[in-house]
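If you read the sequences in order, they're chains A and B.
Numbering-wise, the first sequence is residues 0 to 222 according to numbering that gives the first Met the number 0.
Numbering-wise, the second sequence is residues 0 to 229 according to numbering that gives the first Met the number 0.
Glycine is no exception: its CB is placed at the ideal position from the N, C-alpha and C atoms.
Heads up, the thing below is written out as structure tokens.
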Amino acid sequence: MIEGGLNLYHLQLLGVGVLWTLCLSVIAFIGGGLVGGAVALCRISPVKAVRWAAIAWIQLIQGTPLLVVLFVCYFGLSIIGLELPGLVAASIAMVIYVSAYLGEIWRGCIESVPRTQWEAAECLALSRSQRMRLVVLPQALRIATPPTVGFMVQIVKNTSLASIVGFVELVRAGQLINNSIFQPFLIYLIIAALYFAMCFPLSVWSRRLEQRLHFGNRIPSET
Amino acid sequence: MQYEFEFASVLAAWPQFLEGAWMTIQLSFPATVLGFVIGTLCAIGRRGQVRWVSRLCGAYVEVIRNTPLLVQVFLVFFGLASLGWKVSAFTAALVSLVINVAAYSCEIMRAGMDSIHKGQLEAAECLGLTRRQVYWHVILRPAMEKVYPALTSQFVLLMLATSITSQISVEELTAIAARVQSETFRPFEAYILVAVAYLALSLLMRVGLWLFGQAVFTRKRRLGAGGASR
Numbered sequence: 000m001i002e003g004g005l006n007l008y009h010l011q012l013l014g015v016g017v018l019w020t021l022c023l024s025v026i027a028f029i030g031g032g033l034v035g036g037a038v039a040l041c042r043i044s045p046v047k048a049v050r051w052a053a054i055a056w057i058q059l060i061q062g063t064p065l066l067v068v069l070f071v072c073y074f075g076l077s078i079i080g081l082e083l084p085g086l087v088a089a090s091i092a093m094v095i096y097v098s099a100y101l102g103e104i105w106r107g108c109i110e111s112v113p114r115t116q117w118e119a120a121e122c123l124a125l126s127r128s129q130r131m132r133l134v135v136l137p138q139a140l141r142i143a144t145p146p147t148v149g150f151m152v153q154i155v156k157n158t159s160l161a162s163i164v165g166f167v168e169l170v171r172a173g174q175l176i177n178n179s180i181f182q183p184f185l186i187y188l189i190i191a192a193l194y195f196a197m198c199f200p201l202s203v204w205s206r207r208l209e210q211r212l213h214f215g216n217r218i219p220s221e222t
Numbered sequence: 000m001q002y003e004f005e006f007a008s009v010l011a012a013w014p015q016f017l018e019g020a021w022m023t024i025q026l027s028f029p030a031t032v033l034g035f036v037i038g039t040l041c042a043i044g045r046r047g048q049v050r051w052v053s054r055l056c057g058a059y060v061e062v063i064r065n066t067p068l069l070v071q072v073f074l075v076f077f078g079l080a081s082l083g084w085k086v087s088a089f090t091a092a093l094v095s096l097v098i099n100v101a102a103y104s105c106e107i108m109r110a111g112m113d114s115i116h117k118g119q120l121e122a123a124e125c126l127g128l129t130r131r132q133v134y135w136h137v138i139l140r141p142a143m144e145k146v147y148p149a150l151t152s153q154f155v156l157l158m159l160a161t162s163i164t165s166q167i168s169v170e171e172l173t174a175i176a177a178r179v180q181s182e183t184f185r186p187f188e189a190y191i192l193v194a195v196a197y198l199a200l201s202l203l204m205r206v207g208l209w210l211f212g213q214a215v216f217t218r219k220r221r222l223g224a225g226g227a228s229r
């Protein structure tokens with residue numbers, strides 16, 4: 000027994016919680032990234048209807064709290080008759096949420112590739128898909144890396160909401176432990192510290208990437 | 000899949016939803032104003048000459064920005080109560096929201112203030128403005144103007160994040176949806192309705208903040224279009 004009744008089993012449960020938080024974050028990032036990429040491409044599509052659909056999607060998701068999206072997924076799935084575990088509902092909600100935000104971030108990155116690059120590609124008679132694949136996207140990728148890594152912090156933090164639909168990730172694990180030893184201050188402090196340990200490296204990494212990206216641009220843009 | 004939507008029973012609870020929306024506004028508005036003021040002070044401290052103040056502000060921003068709001072809310076509500084400092088759910092929610100949004104505003108304002116050109120400061124000094132005048136007229140106001148769009152997004156995100164305070168029994172929109180769904184057994188409809196309500200609130204807020212920006216930041220327009228006519 001360690002002081003305050005926090006014993007080894009509790010720490011083990013917290014460890015499992017950390018793993019599930021990371022797992023959900025990875026699912027959210029990969030799934031959300033795939034859908035978000037599609038959203039970003041639709042957002043700049045030459046077809047008006049497709050573009051508007053993407054705008055509507057982004058506005059819809061960015062205008063509602065993730066918690067409500069989560070509840071809609073959770074209860075929506077159960078009325079279809081699927082009695083799914085919290086993980087699935089949480090994953091779907093996170094993918095929806097991430098897709099809207101990453102879609103908008105990446106749209107900005109794609110559009111910030113200098114116009115002349117698009118025009119040059121067009122002059123070389125590249126088709127739209129070639130232009131995207133060979134000219135624009137590789138350059139956009141470089142611009143997109145820092146904000147994407149920065150957004151990963153939001154993803155990791157927001158997986159905490161999955162605890163509300165009963166998925167045992169870090170916060171839920173903490174609540175379970177708290178129910179048995181009732182030391183909320185200590186436990187939530189530990190949880191906060193664990194989240195910090197996961198998110199802070201990502202924040203630092205994002206900032207470094209950003210500095211490196213701006214390093215090359217610094218000299219020409221100085222006026 | 001056979002499911003018949005039935006919004007009537009959920010819609011019948013509209014006075015409750017209205018109350019919830021009012022509570023959401025009651026949380027968001029003071030949190031936005033207080034958080035912005037504290038965040039700006041923090042940004043000034045961060046940029047200041049005093050080492051330990053600067054470090055402290057930096058650490059505060061990093062800690063808050065790298066931990067989930069849900070945990071912050073729990074820490075303030077349950078944590079402080081267990082240490083013997085009991086606060087109501089509303090107070091705890093407001094305090095944690097202010098702490099949260101202040102950290103984000105601090106970072107945004109700091110970016111804005113850092114982007115003020117050095118020449119501007121030198122010009123202000125040459126004109127013999129005092130330190131306080133320089134800060135107010137040359138640094139703070141233009142910085143605010145520059146980062147106003149980012150601040151707007153952050154404040155809308157804050158309004159959406161108030162939904163998290165339903166977890167400590169603050170009776171705002173999301174909590175109302177939970178209550179209504181337990182009375183009507185129509186969770187899906189209840190949450191969809193609440194989603195629409197949030198959408199409307201965030202739209203209203205965007206429009207409101209845009210109008211506010213138009214009213215407050217008139218400098219650019221005066222310099223631009225109005226210059227010739229005057």
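With 16 other Cβ atoms within 10 Å as the buried cut-off, status of residue i
{"i": "residue 130 (chain B)", "result": "exposed"}
{"i": "residue 6 (chain A)", "result": "exposed"}
{"i": "residue 207 (chain A)", "result": "exposed"}
{"i": "residue 11 (chain B)", "result": "exposed"}
{"i": "residue 73 (chain A)", "result": "buried"}
{"i": "residue 21 (chain B)", "result": "exposed"}
{"i": "residue 1 (chain A)", "result": "Here the model assigns residue 1 (chain A) a pLDDT of 46, short of 50, so the residue's position is not dependable, and the following value carries that caveat. Residue 1 (chain A) comes out exposed."}
{"i": "residue 121 (chain A)", "result": "exposed"}
{"i": "residue 138 (chain B)", "result": "buried"}
{"i": "residue 160 (chain B)", "result": "buried"}
{"i": "residue 117 (chain B)", "result": "exposed"}
{"i": "residue 8 (chain A)", "result": "exposed"}
{"i": "residue 236 (chain B)", "result": "The question about residue 236 (chain B) has no answer, for chain B in this structure spans 0 to 229."}
{"i": "residue 171 (chain B)", "result": "buried"}
{"i": "residue 211 (chain A)", "result": "exposed"}
{"i": "residue 222 (chain A)", "result": "For residue 222 (chain A), the predicted structure reports a pLDDT of 39, less than 50, and the residue's modelled location is therefore unreliable. The matter cannot be settled from this model."}
{"i": "residue 104 (chain B)", "result": "buried"}
{"i": "residue 182 (chain A)", "result": "buried"}
{"i": "residue 5 (chain B)", "result": "exposed"}
Chain A contact residues for residue i, given Cβ-Cβ distances below 7 Å
{"i": "residue 193 (chain B)", "result": "67"}
{"i": "residue 16 (chain B)", "result": "By Cβ distance, chain A contributes nothing, its closest Cβ being about 13 Å from residue 16 (chain B), past 7 Å."}
{"i": "residue 201 (chain B)", "result": "62"}
{"i": "residue 166 (chain B)", "result": "163"}
Chain-ordered neighbours of residue i on chain B, where CB pairs are closer than 8 Å
{"i": "residue 164 (chain A)", "result": "Within chain B, no residue comes near residue 164 (chain A); the closest Cβ sits about 11 Å away, beyond 8 Å."}
{"i": "residue 182 (chain A)", "result": "81"}
{"i": "residue 156 (chain A)", "result": "65, 66, 67 and 68"}
Any non-hydrogen atom of the ligand PLP closer than 8 Å to residue i Cβ
{"i": "residue 24 (chain A)", "result": "With respect to the ligand PLP, the structure shown offers nothing to examine, as it has no ligands at all."}
Cβ-Cβ distance between residue i and residue j below 9 Å
{"i": "residue 134 (chain B)", "j": "residue 43 (chain B)", "result": "yes"}
{"i": "residue 82 (chain B)", "j": "residue 187 (chain A)", "result": "no"}
{"i": "residue 27 (chain B)", "j": "residue 183 (chain B)", "result": "no"}
{"i": "residue 123 (chain B)", "j": "residue 64 (chain B)", "result": "no"}
{"i": "residue 93 (chain A)", "j": "residue 23 (chain A)", "result": "yes"}
{"i": "residue 163 (chain A)", "j": "residue 66 (chain A)", "result": "yes"}
{"i": "residue 89 (chain A)", "j": "residue 18 (chain A)", "result": "no"}
{"i": "residue 173 (chain B)", "j": "residue 38 (chain B)", "result": "no"}
{"i": "residue 105 (chain A)", "j": "residue 39 (chain A)", "result": "yes"}
{"i": "residue 154 (chain A)", "j": "residue 35 (chain A)", "result": "no"}
{"i": "residue 111 (chain B)", "j": "residue 88 (chain B)", "result": "no"}
Residue range of the unbroken alpha helix (DSSP H) whose run includes residue i
{"i": "residue 51 (chain B)", "result": "50–64"}
{"i": "residue 9 (chain A)", "result": "7–42"}
{"i": "residue 125 (chain A)", "result": "No alpha helix (DSSP H) holds residue 125 (chain A); DSSP gives it neither H nor E."}
{"i": "residue 186 (chain B)", "result": "186–215"}
{"i": "residue 132 (chain A)", "result": "Taken as a continuous stretch (DSSP letters only), residue 132 (chain A) belongs to no alpha helix (DSSP H), as it is neither H nor E."}
{"i": "residue 102 (chain A)", "result": "85–110"}
{"i": "residue 56 (chain A)", "result": "47–61"}
{"i": "residue 134 (chain B)", "result": "No alpha helix (DSSP H) contains residue 134 (chain B), which DSSP labels as neither H nor E."}
{"i": "residue 68 (chain A)", "result": "65–79"}
{"i": "residue 84 (chain B)", "result": "Residue 84 (chain B) -> no alpha helix (DSSP H), and no H or E assigned at all."}
{"i": "residue 126 (chain B)", "result": "Premise fails: residue 126 (chain B) is in no alpha helix (DSSP H) and is neither H nor E."}
{"i": "residue 30 (chain B)", "result": "13–46"}
{"i": "residue 8 (chain B)", "result": "7–10"}
Under 9 Å by beta carbon: chain A residues contacting residue i
{"i": "residue 132 (chain B)", "result": "Simply none; closest approach about 26 Å."}
{"i": "residue 198 (chain B)", "result": "58, 59, 62 and 63"}
Proximal residues of chain B, C-beta to C-beta of residue i below 7 Å
{"i": "residue 160 (chain A)", "result": "69"}
{"i": "residue 108 (chain A)", "result": "Chain B residues near residue 108 (chain A): none, gap ~17 Å exceeds 7 Å."}
{"i": "residue 191 (chain A)", "result": "66, 70 and 74"}
Within chain B, partners of residue i - CB distance below 9 Å
{"i": "residue 78 (chain A)", "result": "0, 2, 186 and 187"}
{"i": "residue 170 (chain A)", "result": "67, 69, 70 and 73"}
Proximal residues of chain A, C-beta to C-beta of residue i below 8 Å
{"i": "residue 173 (chain B)", "result": "64, 66, 67 and 70"}
{"i": "residue 55 (chain B)", "result": "In chain order: nothing, as chain A lies at least about 16 Å away."}
Hey, is the segment 135–154 of chain B in contact with the segment 53–60 of chain B, meaning 3+ C-beta pairs nearer than 8 Å? No, because fewer than three Cβ pairs between the segment 135–154 of chain B and the segment 53–60 of chain B fall closer than 8 Å, the two stretches do not touch.
Is it a yes or a no for the segment 134–146 of chain A touching the segment 107–114 of chain A, going by three-plus beta-carbon pairs under 8 Å? Flag = yes, the segment 134–146 of chain A and the segment 107–114 of chain A touch.
Check whether the segment 192–208 of chain A and the segment 56–67 of chain A are in contact - that is, three or more C-beta pairs closer than 8 Å. A contact between stretches requires three or more CB pairs, one per stretch, nearer than 8 Å, and the segment 192–208 of chain A fails this requirement with the segment 56–67 of chain A.
Three or more C-beta pairs below 8 Å linking the segment 206–216 of chain B and the segment 68–85 of chain A: No, the segment 206–216 of chain B does not touch the segment 68–85 of chain A.
Spell out a yes or no on whether the segment 157–171 of chain B and the segment 90–97 of chain B are touching, meaning 3 or more CB-CB pairs, one atom from each, closer than 8 Å. Taking a contact to require three or more Cβ pairs closer than 8 Å, the segment 157–171 of chain B and the segment 90–97 of chain B qualify as touching.
Report yes or no: do the segment 140–151 of chain A and the segment 167–180 of chain A share at least 3 C-beta pairs separated by less than 8 Å? By the C-beta criterion, the segment 140–151 of chain A is judged not to be in contact with the segment 167–180 of chain A, since fewer than 3 inter-stretch pairs fall below 8 Å.
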